[in-house]
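In the working numbering, the protein residues as written are 27 to 164. Here's the structure we're looking at; comments come further down.
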Amino acid sequence: MNDAILTRLPYEADLLRAIEDICREKGISKAAVSVIGALKKASLGYYLQDEKRYVAHDIPDAVEILAGVGSVSLKDGEPFVHLHLTLSDKDFKALGGHANKGCVIFAAEALITPLGGAIPHRVYDETTGLFLWEQAGK
Ligand code: ZN
Numbered sequence: 027m028n029d030a031i032l033t034r035l036p037y038e039a040d041l042l043r044a045i046e047d048i049c050r051e052k053g054i055s056k057a058a059v060s061v062i063g064a065l066k067k068a069s070l071g072y073y074l075q076d077e078k079r080y081v082a083h084d085i086p087d088a089v090e091i092l093a094g095v096g097s098v099s100l101k102d103g104e105p106f107v108h109l110h111l112t113l114s115d116k117d118f119k120a121l122g123g124h125a126n127k128g129c130v131i132f133a134a135e136a137l138i139t140p141l142g143g144a145i146p147h148r149v150y151d152e153t154t155g156l157f158l159w160e161q162a163g164k
């Protein structure tokens with residue numbers, strides 16, 4: 027198992043892709059992820075449970091990443107980052123949601139902690155309409 031990675035993510039890179047690229051390069055299929063920093067713009071998702079679909083909320087302005095928490099697992103055999111973000115705007119108002127592709131990095135520090143053991147794979151779940159991990163013990 028690799029050591030934890032503490033790294034700066036590239037300027038103007040897509041936040042999710044930047045983390046996925048590191049995982050692909052380092053052969054990481056299972057990890058805990060946390061990230062702080064700032065974005066030039068952001069795209070967040072909110073899942074409409076009754077409709078089983080995400081709505082996207084794009085934020086065209088610079089925001090701080092107060093907390094980014096997530097995981098790396100496999101989806102379709104590739105490292106997949108699931109990340110939730112709490113952001114703040116210039117008025118110090120917090121907002122947050124599921125991180126979509128389209129979050130453009132201004133500056134970001136990521137902690138990627140590889141984990142041992144069985145690698146969870148995301149599979150489609152009829153009940154929720156989401157790609158979720160298998161439940162442990164099932
Ligand atoms: Zn999510």
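Think of the CB as a built atom: it goes at the ideal place given N, C-alpha and C, for glycine as much as any other residue.
For residue i, the nearest candidate out of the options (CA to CA)
i	options	result
I131	C49, K56, I91	I91
D29	I138, I145, D151	I138
S114	K101, A93, A134	A93
A64	E77, A82, K52, P36	P36
Where residue i falls, given that 16 or more other Cβ within 10 Å makes a residue buried
i	result
F118	exposed
K116	exposed
P86	exposed
V89	buried
L111	buried
K56	buried
V149	exposed
G123	buried
A162	exposed
Distance CB(residue i)-CB(residue j) smaller than 8 Å
i	j	result
K70	K127	It is worth fixing the name first, because residue 70 is Leu in this sequence and not Lys. Taking 8 Å as the Cβ cut-off, L70 and K127 do not qualify as a contacting pair.
V95	I45	no
V98	I54	yes
L100	H147	yes
L121	A58	no
T33	A136	yes
Beta-carbon distances below 6 Å to any heavy atom of ligand 1 define the shell here; list its residues in chain order, please.
H108, H110, H124
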